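Number of protein chains: 2
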Amino acid sequence: MAAATHLDSVLGKATAILRAFGVDDHVLTLAELVRRTGLHKATTYRLCGELVELRLLDKTSGGYRLSGGLFELGMRASAERSLLELAVPFMQDLYERTHETVHLGVREGTEVMYISKLGGHRQASSPSRVGGRLPLHCTAIGKVLLAFAPTVVRRSMLSGALERRTPHTIVRPGQLSRSLADARRRGVAFEREESALGINCVAAPIAVAGQVVAALSLTGPTSRFRPEQHSP
Amino acid sequence: MAAATHLDSVLGKATAILRAFGVDDHVLTLAELVRRTGLHKATTYRLCGELVELRLLDKTSGGYRLSGGLFELGMRASAERSLLELAVPFMQDLYERTHETVHLGVREGTEVMYISKLGGHRQASSPSRVGGRLPLHCTAIGKVLLAFAPTVVRRSMLSGALERRTPHTIVRPGQLSRSLADARRRGVAFEREESALGINCVAAPIAVAGQVVAALSLTGPTSRFRPEQHSP
DNA sequence: GGGATCGTATCGCTCAGCGATACGATGCCG
DNA sequence: CGGCATCGTATCGCTGAGCGATACGATCCC
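In order, the protein sequences belong to chains X and R. If you read the first sequence in the numbering used here, its first letter stands for residue 1060, the second for the next number, and so on. If you read the second sequence in the numbering used here, its first letter stands for residue 1060, the second for the next number, and so on.
Next up, the structure:
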């Protein structure tokens, strides 16, 4: 989450506390929140107390956790909500046909943010998390979003350093550029162990009113998943 | 959302603004936010500006909407996240077998809060919304949660006025009490047009470590859905 | 036993936040 | 057309909400 760090206001400090919780965290102690935010202990303690009263945090015996009140607010974000309403039936269809993990994601700057993930009991161990992010260039869903993003976004990404996550990650701008051009031409993008070892993906864009607003992907383990068999 | 209204602090005011957005709202104007919160116009304007900077609100041409930053935070609420991880594969199974709408919900006081909803292209028109709430007594999922809730919760609900939502809503405490006892004995509860006309539901509890923590339900239109056919 | 760390609480200080106010733009109605 | 209502944006003097330095008891470890 790339929002500016405002530690000079109440709202900024409170937001820093809420954002100190990562996608895999459960409970954080007051001391850990202090370490992660850099706020003073007494300030953190006071704000946490108020956030608990406001049902944005829960206080448990082991520390604090993000509360259901925040889940409710998050589910009211209309852009994400509308996308889910539109996409979940299709995601369900896709899952039913393949029994592999289906993702819905949107572009946020230079990252894909996952809106939904439908896998079954035998999910491939993908690093994705609903509400989490991954760099655009190393996932199929990210690449298809990047392929159909405005030129300035692509140019910016291609001119910066591309993070390597596995030995297979595309980090050479020329190679990525060709891959994106291919994705644009075919309307589909692939990933072969570029974000994590052991998984392949195929992804396609979702357009609304002629604009690509999101993408769907299918992810499976390399042992049994052939992404080319799933493209149109 | 039954959190206390603290309008005497920055956090309280900002939370009031965020909570002014209902489950079906898209964009709200500054003036509408002022009306819904009762805050002063200049205060609302200032706080909205700051919430936008912090990516908790988005500013669009028509007004403000809850942002993706809030969606991300909401998805990090660990209790809800853990429940989703556990339940979504089973929800998918159920959807695949029935092609009717599947819900996951938890009890929040005297209401069910919906955590997830999986439906297809021909969903029955249920009033449920992810992140939304309905009274416990008039939905199958709510009744099963109430049936397995602590006695004090049941007693409290049965001693108050039960809201009527349709001509079929159970509003007589004696009738509801019998229905709940039945649900406890059978481990399943039904709804027949009690929350909305035209839909039937069947629901069952989800227990973790011997405690009922959530419930799953199946919802379909009265025209084609026989809830008894779907119970264990 | 001493030190480190934790969570909880207090209090004097001060500036962040407030709301009263102002202004230009827009829309509506007589 | 003019007056009024409403809207969104901005300013500024005032003050109390928020801050952080500090204190304390509890727990753990060496």
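Glycine included, each C-beta is placed from N, C-alpha and C at the ideal position. Just so you know, these numbers come straight off a predicted model, no measurement behind them.
Taking Cβ-Cβ distances below 9 Å as the criterion, which residues of the region 1172 to 1188 of chain R are in contact with chain X?
Cβ contacts with chain X: M1172, Y1173, I1174, K1176, L1177, G1178, G1179, H1180, R1181, Q1182 and R1188.
How big is the Cα-Cα spacing for E1287/R and M1216/X?
Their backbone Cα atoms lie some 56 Å apart in a straight line.
For R1095/R, would you say it is in contact with chain X, using Cβ-to-Cβ distances shorter than 7 Å as the test?
Not an interface residue.
Between P1194/R and the ligand FAD, is there a pair consisting of the residue's CB and a ligand heavy atom that are separated by less than 6 Å?
Of the ligands one can find in the structure shown there are none, so the ligand FAD has no counterpart to examine.
Under the three-state reduction of DSSP, which class applies to G1127/X: helix, strand or coil?
Three-state DSSP puts G1127/X in a helix.
Counting along the chain, where does the alpha helix (DSSP H) carrying R1285/X start and finish?
Premise fails: R1285/X is in no alpha helix (DSSP H) and is neither H nor E.
Tell me, which residues are paired with R1192/X by DSSP?
In the DSSP output, where bridge partners are listed per residue, R1192/X has M1172/X.
Taking the continuous alpha helix (DSSP H) assigned at A1268/R, which residues delimit it?
First-last for A1268/R: undefined, no H or E at that position.
Quick check on S1126/R: buried or exposed, where buried means 16 or more other Cβ atoms within 10 Å of its Cβ?
It is buried - the Cβ of S1126/R has at least 16 other Cβ atoms within 10 Å.
Quick one: which residues of the region 1118 to 1129 of chain X get their C-beta closer than 8 Å to a C-beta of chain R? List them in chain order.
The residues in question are R1124, L1125, S1126, G1127, G1128 and L1129.
Cβ atoms of L1195/R and L1205/R: under 7 Å apart, would you say?
Yes, these two residues count as a Cβ contact at 7 Å.
Give me, in chain order, the residues of the same chain whose beta-carbon lies closer than 8 Å to that of P1186/X; leave out the 5 immediate sequence neighbours on both sides.
If we look at P1186/X and ignore the five residues flanking it on each side, its Cβ neighbours are L1193, S1254 and A1255.
With A1079/X and R1105/X assumed to form a contact (beta carbons below 8 Å), what rounded beta-carbon distance in angstroms separates them?
The pair is not a contact, with the Cβ atoms about 16 Å apart (cut-off 8 Å).
Determine the closest residue to R1245/R out of S1236/R, A1263/R and L1235/R, with distance taken between C-alpha atoms.
Taking only the C-alpha atoms, the option nearest R1245/R is A1263/R.
Do L1010/X and M1150/X have their C-beta atoms closer together than 7 Å?
Residue numbering for chain X in the displayed model covers 1060 to 1291; residue 1010/X lies beyond these limits and cannot be assessed.
Return the residues of the region 1129 to 1150 of chain X that lie within a Cβ-Cβ distance of less than 7 Å from chain R, sorted by chain order.
Cβ contacts with chain R: L1129, F1130, E1131, L1132, G1133, M1134, R1135, A1136, S1137, A1138, E1139, V1147 and P1148.
Please identify, using Cβ separations under 8 Å, the residues of the region 1065 to 1078 of chain X that lie next to chain R, in order along the chain.
Against chain R - using a Cβ distance shorter than 8 Å - the residues of the region 1065 to 1078 of chain X are H1065, S1068, V1069, L1070, G1071, A1073, T1074, L1077 and R1078.
Would you verify that the beta carbon of E1252/X is, or is not, closer than 7 Å to some beta carbon of chain R?
Chain R contact via Cβ: absent.
Of all the beta strand (DSSP E) runs that stay within the bounds of the region 1187 to 1244 of chain X, which reach a length of 3 or more residues?
Those beta strand (DSSP E) runs which fall completely within the region 1187 to 1244 of chain X and span 3+ residues are 1192 to 1194.
Is E1253/X helix, strand or coil when you go by DSSP?
Coil, per DSSP.
If we call anything under 7 Å between Cβ atoms a contact, is K1100/X one with V1111/X?
Against a cut-off of 7 Å, the Cβ pair of V1111/X and K1100/X comes out as no contact.
Label L1066/X either buried or exposed according to how many other C-beta atoms from any shown protein chain fall within 10 Å of its C-beta, with 16 as the threshold for buried.
Label assigned to L1066/X: exposed.
Note down, in chain order, each residue of its chain lying with its Cβ closer than 8 Å to the Cβ of R1214/X, except the 5 sequence neighbours on either side.
Taken in chain order, the list of residues that qualify is empty.
Tell me, to the nearest whole angstrom, how far the beta carbon of H1085/R is from that of R1124/R; I am working on the premise that it is less than 8 Å.
Rounded, the Cβ-Cβ distance is 6 Å, consistent with contact.
Hey, how far is the Cα of E1139/X from the Cα of R1166/R?
Spanning the two alpha carbons is a distance of roughly 24 Å.
What is the DSSP secondary structure of L1087/R, reduced to helix, strand or coil?
Here L1087/R sits in strand by DSSP.
Verify whether the separation of the beta carbon atoms of A1073/R and L1153/X is less than 7 Å.
No. Outside cutoff.
Look up H1162/R in the DSSP assignment and give the residues it is bridged to.
DSSP lists K1176/R and S1276/R as partners of H1162/R.
Residues of chain R with a CB under 9 Å from the CB of D1241/X: which are they?
Those within 9 Å of D1241/X in chain R number zero; the least Cβ separation is about 29 Å.
How would you call V1211/X, buried or exposed, if buried means at least 16 neighbouring beta carbons within 10 angstroms?
Exposed, since its Cβ has fewer than 16 Cβ neighbours within 10 Å.
Does A1274/X pass the burial test, meaning 16 or more other C-beta atoms within 10 Å, or should it be called exposed?
Buried, because 16 or more other Cβ atoms sit within 10 Å of the Cβ of A1274/X.
Whole-angstrom Cβ separation of V1261/R and S1290/R, contact assumed at under 8 Å?
Yes, they are in contact, since the Cβ atoms of V1261/R and S1290/R sit about 5 Å apart, within 8 Å.
According to DSSP, simplified to helix, strand and coil, what is A1262/X?
Three-state DSSP puts A1262/X in a strand.
Check whether the Cβ of A1062/X lies closer than 7 Å to any Cβ atom in chain R.
Any reading at A1062/X needs caution, since the residue's pLDDT is 47, under 50, leaving its predicted position unreliable; the model's value is listed next. Closer than 7 Å to some Cβ of chain R, the Cβ of A1062/X qualifies, so yes.
Can you give me the C-alpha to C-alpha distance between T1281/R and R1181/X, rounded to a whole angstrom?
In a straight line, the C-alpha of T1281/R is about 34 Å away from that of R1181/X.
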